[in-house]
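Participant: Protein chains in written order, with the working numbering: chain A, 2 to 334; chain B, 2 to 334; chain C, 2 to 334.
Cβ atoms here follow ideal geometry from the backbone N, Cα and C, with glycine treated the same way.
What you are looking at is a predicted structure, and each value in this text was computed from that prediction instead of being measured.
If you scroll down you'll find the structure; I have some questions about it.
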Amino acid sequence: MHCLRNCWHQIAWAEELAEDAMLARTVLGEDVVLFRNEGVASALRDRCPHRFAPLSLGKLEAGQVTCPYHGLRFADTGMCVHNPHGAAVASLAVQRYPLVERHDALWIWMGDAGAADPGSIPDLSFIEACPETAKIRSYTAVDAHYELLTDNIVDLSHADYLHPTSLGSGFNTRTKARITEAEDRVVVAWESDSEDAPPAFQIASPAKLWTIVDWFAPAVMVVRAGGHPVADPAAMLDTLNLHSMTPATETSSHYFACNTRSFKLEDAGFNAFLRGQLLHAFQVEDKPMVEAVQRRMGTTDLWSLRPAMFPSDRGAVCVRRRLAKMIAAETGS
Amino acid sequence: MHCLRNCWHQIAWAEELAEDAMLARTVLGEDVVLFRNEGVASALRDRCPHRFAPLSLGKLEAGQVTCPYHGLRFADTGMCVHNPHGAAVASLAVQRYPLVERHDALWIWMGDAGAADPGSIPDLSFIEACPETAKIRSYTAVDAHYELLTDNIVDLSHADYLHPTSLGSGFNTRTKARITEAEDRVVVAWESDSEDAPPAFQIASPAKLWTIVDWFAPAVMVVRAGGHPVADPAAMLDTLNLHSMTPATETSSHYFACNTRSFKLEDAGFNAFLRGQLLHAFQVEDKPMVEAVQRRMGTTDLWSLRPAMFPSDRGAVCVRRRLAKMIAAETGS
Amino acid sequence: MHCLRNCWHQIAWAEELAEDAMLARTVLGEDVVLFRNEGVASALRDRCPHRFAPLSLGKLEAGQVTCPYHGLRFADTGMCVHNPHGAAVASLAVQRYPLVERHDALWIWMGDAGAADPGSIPDLSFIEACPETAKIRSYTAVDAHYELLTDNIVDLSHADYLHPTSLGSGFNTRTKARITEAEDRVVVAWESDSEDAPPAFQIASPAKLWTIVDWFAPAVMVVRAGGHPVADPAAMLDTLNLHSMTPATETSSHYFACNTRSFKLEDAGFNAFLRGQLLHAFQVEDKPMVEAVQRRMGTTDLWSLRPAMFPSDRGAVCVRRRLAKMIAAETGS
């Protein structure tokens, strides 16, 4: 797969991985099994080295996994600790992937394990900082290439057309984005002193508004979105949102999102309202649209289809170019 | 796809395209969206030139289509009339296909637009001439190559085995067909002075019967079928039927049929009886059989499978040869 | 397909083929139709030589099959005995496969018909010898390569992990198998003087136990499994079991099994208990596991995936090597 390997990909929300059950997920075309040992999460290749049975169909006991087919048992290090049919030699080890639990999420490293530095996980500490009562996490499996999902976030003007009843008000179309680039990072910022606020924000118009997308390679985005009525700066609302995409296969992705906010922190009614708005936007509006685009494009590369390009695409183009450059550097191509 | 492009293909029945809703259909492997502007039907490529979203998922307002993803708006000419992100320049136009509404149907031209002459649509004015109360239209999506559907009509002897309770009486098997050929047309005629009439005809036996298939390239057939009891020429019943096939993909087709008749024009009970007979024949008997043949053949060409050929296949062979010649002429191969 | 052709494959249980109905089944990628004529079963290619309709969708009358599409009729010899559209010439014959009904089963020969010697069907007369009240036959369609199913039987240690509540007790893991090889036959035998008996056997422990797998190329296995309490040799229970696999396609197989026993021959309650245990083992435990292995392996050859190999795999390795040698000899590769 044409992906960056030497980087952290979100493979799950931490809460998806219970203490006593395994979770199987495909990342960059490889089958991975996740499980916990005394709370600590590990990721192994989900394929027994003997006869290629999925370990995730086996038993998890005391933080060790027993293959369902012929009984080999593996520790969370990947080492075979019990082989009923011979010696539990080192060559029986299954591949262990570096895995870090941070910012409510599980992050996997699919590349060279020696290079896996947890310090390179983007700082998403706003997630832990936000109380659970004001946090909305979601996971959506999408049948589309992950870069189509990145495009979707980096060009937020789509919200004005695809999400007009929740996240769009015309603001991201009317306002020209400022773009700032670094090596593996692109920031796309929309700011206006007087705009109509999106319905989900519940800010009286005219409003001062901002939306700032901070992209970290390969596909982690932090979106700051907020505003206040022009007449009432004290009534400021602000949100920080994670949008994190992980390639499953060439044409499917894992899409993780987390909304946090600085207001109505204990308001369960508002939380339910906002959760409904966001899930509707992601799952009923974004997912079918991006999947329809994938079907129209097939497996053809975006550029070879010669898309029309507008100023609103500049952010997405920057991101695609930087990522392509990083992948080329990694693969030596 | 190995198809004739410079010709008219039926893409829909006119009644399938309402005034206020789009219709998406794949023709020769291309995604097409149909819609009306003040009643006049148009056909555009169903793919926005910006990010390849299907226009058919967007909004139709005042005869113009707005892309659901980023709000570009297109007139029925294909020209972009509104681009929220920049100028609505000519290069944003989506492909417009020549489309003609005639004979209750919508006809599309997938080839060189400059060569699209509505005069080359076969004369099917018997369709308009027939009152609605004596007309039975149908549409069936079939998972089979369109030439297998053409074979099915041009060799009507199949009715004697596949439709014995409605359209078959042994007549088309016992009678030798006369074949007449022109450049882009083949006529296959079965006629007898004394035969058993098919059950759906309700003609007392012995009967004088006729079935005449008039094929127009690439896959439009007019079938005249009728007869009268030998003893009572005045009790003549006659029908004119359209069978029109359009390639969707290499292994799927659109099958349109329309039955018209010269008798019982106002008899709602007979109309319901005949509709039941015909729909059963097309959808319960023809469709599964032709789809099973497609599965048995896979994507292998008919001739390379070396089919056994009988006199009853002469019509189908003529049609296949003429069409192959026209396609070769068009593609220069 | 990479299979042995000059050999007998089980295509069905005899009871699956009624007197008045056809049975369609794919073997080695070829579509076959089975039917009876005065009780004698025949196998023809399930594809009319005229327009490739499946004969199995047609009519069976007086031991002859009529094609549903254009009425050609075929005898059980494959000869066309009636052609409504011309002469029933010899060239219209459909391929007839040698077929033998023996040991409650129907055996087909997909290779050179001249070499088809019924004498080379393995002797499974234990099947007829067993009364119906003590015989449990099953058929399971499995989405996996047939050699994965062979591996499953030849390495019965899997029962200790996959079937712990019915067929496994640890015996086949703890006991080292003795392997005996002949040209087209491999015998794998586990025997112990003092072991725990599997739950389904209902033999008091400690028990003397034996399991002997007798493999005949390409994929017919007779499994003798039995035992008696160490303290009571007279309470011996013994079973003879057929496990017979037939390739359908590269990634799917037909799996036939038959359990016979030497005890409780008239005990309907025990028969129902044992049937439940076996069907659960085959269909709820084996089938999903072998299909999961197939998905993990894809279409990659076992050896190129470099599986870890244990002493418990020696039988499966012998079988795979002998079969590969026979296939290479047959194809001259």
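#1: Please identify the residue among C:LEU73, C:GLY87, C:ASP156 and C:VAL34 whose C-alpha is closest to the C-alpha of C:ARG97.
#2: Would you verify that the beta carbon of B:PRO312 is, or is not, closer than 8 angstroms to some beta carbon of chain A?
#3: Within a Cβ cutoff of 6 angstroms, which residues of the same chain sit near C:GLY1, ignoring the five residues on either side of it in sequence?
#4: Kindly identify the DSSP beta-bridge partner or partners of B:HIS255.
#5: Label B:SER170 either buried or exposed according to how many other C-beta atoms from any shown protein chain fall within 10 Å of its C-beta, with 16 as the threshold for buried.
#6: How far does the alpha helix (DSSP H) with C:VAL291 in it extend, from its first residue to its last?
#7: In terms of DSSP beta bridges, what is C:LYS209 paired with?
#8: Flag B:ALA22 as yes if its beta-carbon sits less than 8 angstroms from any beta-carbon of chain A, otherwise no.
#9: Does the pairing of the stretch 84–92 of chain C with the stretch 177–194 of chain B give three or more beta-carbon distances under 8 angstroms?
#10: Taking a contact to mean a Cβ-Cβ separation below 8 angstroms, would you say B:HIS10 touches C:HIS71 in this structure?
#11: Using a cut-off of 8 angstroms between C-beta atoms, extract the partners of A:LEU93 located in chain C.
#12: Shortest alpha-carbon distance to C:PRO119 belongs to which of C:ALA130, C:PHE283 and C:LEU100?
#13: Can a CB atom of chain A be found closer than 8 angstroms to the CB of B:ASP32?
#14: What residues of chain B sit near C:TYR256, judged by a beta carbon separation below 8 angstroms?
#15: What are the boundary residues of the beta strand (DSSP E) that C:GLN1 is part of?
#16: Kindly indicate the opening and closing residues of the beta strand (DSSP E) around B:LEU150.
#17: Taking its Cβ as the centre, do 16 or more other Cβ atoms sit within 10 Å of C:ARG322, making it buried, or is it exposed?
#18: Less than 8 angstroms between the beta carbons of B:ASN173 and B:ASP161, yes or no?
#19: For the pair the stretch 126–136 of chain A and the stretch 261–276 of chain A, tell me if three or more CB-CB distances fall below 8 angstroms.
#20: Is there contact here, the stretch 202–216 of chain B with the stretch 226–242 of chain B, by at least three beta-carbon pairs under 8 angstroms?
#21: Output the distance between the C-alpha atoms of A:PHE311 and B:LEU266, rounded to the nearest integer angstrom.
#22: Using the Cβ count rule (16 or more neighbours within 10 Å means buried), how would you classify A:ASP124?
#23: Within the 8 angstroms Cβ cut-off, does C:SER305 reach chain A?
#24: Would you identify the three-state DSSP class for A:LEU100, choosing helix, strand or coil?
#25: Name the chain B residues whose beta carbon is nearer than 9 angstroms to that of C:PHE271?
#26: I'd like the span of the beta strand (DSSP E) that includes A:THR67, first residue to last.
#27: Report yes or no: is there a C-beta of chain B within less than 8 angstroms of the C-beta of A:MET150?
#28: Which residues of the stretch 34–61 of chain A have a Cβ closer than 7 angstroms to any Cβ of chain C? Give them in chain order.
#29: Please list the partners that C:MET290 has in chain A, where partner means a Cβ-to-Cβ separation under 8 angstroms.
#30: Do you know whose CA, among C:ALA44, C:ALA54, C:LEU56 and C:LEU157, lies nearest C:ALA114's CA?
#31: If I measure Cβ to Cβ from A:PRO85 and keep anything under 8 angstroms in the same chain, skipping five residues before and after, which residues do I get?
#32: Quick one: which chain C residues come within Cβ less than 9 angstroms of A:GLY79?
#33: Closer than 8 angstroms by C-beta to A:ALA198: which residues in its own chain qualify, once you throw out the five before and the five after it? Chain order, please.
#34: Output, in chain order, the set of chain A residues within a Cβ distance shorter than 7 angstroms of B:PRO85.
#35: Would you say B:MET246 reaches chain C, if we count a Cβ-Cβ gap shorter than 8 angstroms as a contact?
#36: Got a sec, what are the start and stop residues for the beta strand (DSSP E) A:ARG26 sits in?
Facilitator: Quick answer:
#1: A check of alpha carbon separations from C:ARG97 across C:LEU73, C:GLY87, C:ASP156 and C:VAL34 identifies C:VAL34 as the nearest.
#2: Chain A contact via Cβ: absent.
#3: Lying outside 2 to 334, the shown extent of chain C, residue 1 of chain C is not represented and no answer is given.
#4: Looking at the DSSP assignment, B:HIS255 forms a beta bridge with B:ALA142 and B:THR247.
#5: Burial check for B:SER170: the Cβ neighbour count within 10 Å reaches 16 or more, so the residue is buried.
#6: It spans 288–298 - the alpha helix (DSSP H) in which C:VAL291 sits, taken as one unbroken run.
#7: In the DSSP output, where bridge partners are listed per residue, C:LYS209 has C:HIS229.
#8: Taking CB atoms only, B:ALA22 has no neighbour in chain A less than 8 angstroms away.
#9: Note that the stretch 84–92 of chain C does not touch the stretch 177–194 of chain B; fewer than 3 beta-carbon pairs, one per stretch, sit closer than 8 angstroms.
#10: By the CB criterion at 8 angstroms, B:HIS10 and C:HIS71 fall outside the cutoff.
#11: Near A:LEU93 (Cβ distances below 8 angstroms), the residues of chain C are ALA309.
#12: Relative to C:PRO119, the option among C:ALA130, C:PHE283 and C:LEU100 whose CA is nearest is C:LEU100.
#13: Under the 8 angstroms criterion on CB atoms, B:ASP32 is classed as interfacial with respect to chain A.
#14: Chain B residues near C:TYR256: none, gap ~24 angstroms exceeds 8 angstroms.
#15: With chain C covering 2 to 334 only, the question about residue 1 of chain C has no answer from this structure.
#16: Careful: B:LEU150 lies outside any beta strand (DSSP E), inside the alpha helix (DSSP H) at 147–155.
#17: So C:ARG322 counts as exposed.
#18: Taking 8 angstroms as the Cβ cut-off, B:ASN173 and B:ASP161 qualify as a contacting pair.
#19: Here the stretch 126–136 of chain A lies against the stretch 261–276 of chain A, with 3 or more beta-carbon pairs under 8 angstroms apart.
#20: Taking a cut-off of 8 angstroms for Cβ pairs, the stretch 202–216 of chain B and the stretch 226–242 of chain B touch, as three or more such pairs fall below it.
#21: Roughly 59 angstroms between the two C-alpha positions.
#22: Answer is exposed; the Cβ neighbour count stays below 16.
#23: By this cut-off, C:SER305 is not an interface position.
#24: Shown here, A:LEU100 sits in a strand according to DSSP, grouped into three states.
#25: Neighbours of C:PHE271 on chain B: none; closest Cβ ~44 angstroms, over 9 angstroms.
#26: Looking at the DSSP string, the run of the beta strand (DSSP E) that includes A:THR67 is 65–67.
#27: The sequence shown places Leu at residue 150 of chain A, rather than the Met named in the question. In terms of beta-carbon proximity, A:LEU150 stays away from the interface with chain B, with every pair separated by 8 angstroms or more.
#28: Here the close residues are ARG48, PRO50, HIS51, ARG52, PHE53, ALA54, PRO55 and LEU58.
#29: Listed along chain A are ALA54, LEU58, PRO69 and TYR70, each with a C-beta nearer than 8 angstroms to that of C:MET290.
#30: For the residues C:ALA44, C:ALA54, C:LEU56 and C:LEU157, the minimum Cα distance to C:ALA114 belongs to C:ALA44.
#31: Correct list, in chain order: HIS71, GLY72 and LEU73.
#32: By Cβ distance, chain C contributes nothing, its closest Cβ being about 13 angstroms from A:GLY79, past 9 angstroms.
#33: So the list reads SER170, PHE172, ILE204, ALA205, SER206, ALA208, LEU210 and GLY228, once near-sequence residues are dropped.
#34: THR174, listed in chain order.
#35: Judged by the 8 angstroms Cβ criterion, B:MET246 is not in contact with chain C.
#36: Counting along the chain, the beta strand (DSSP E) containing A:ARG26 begins and ends at 24–28.
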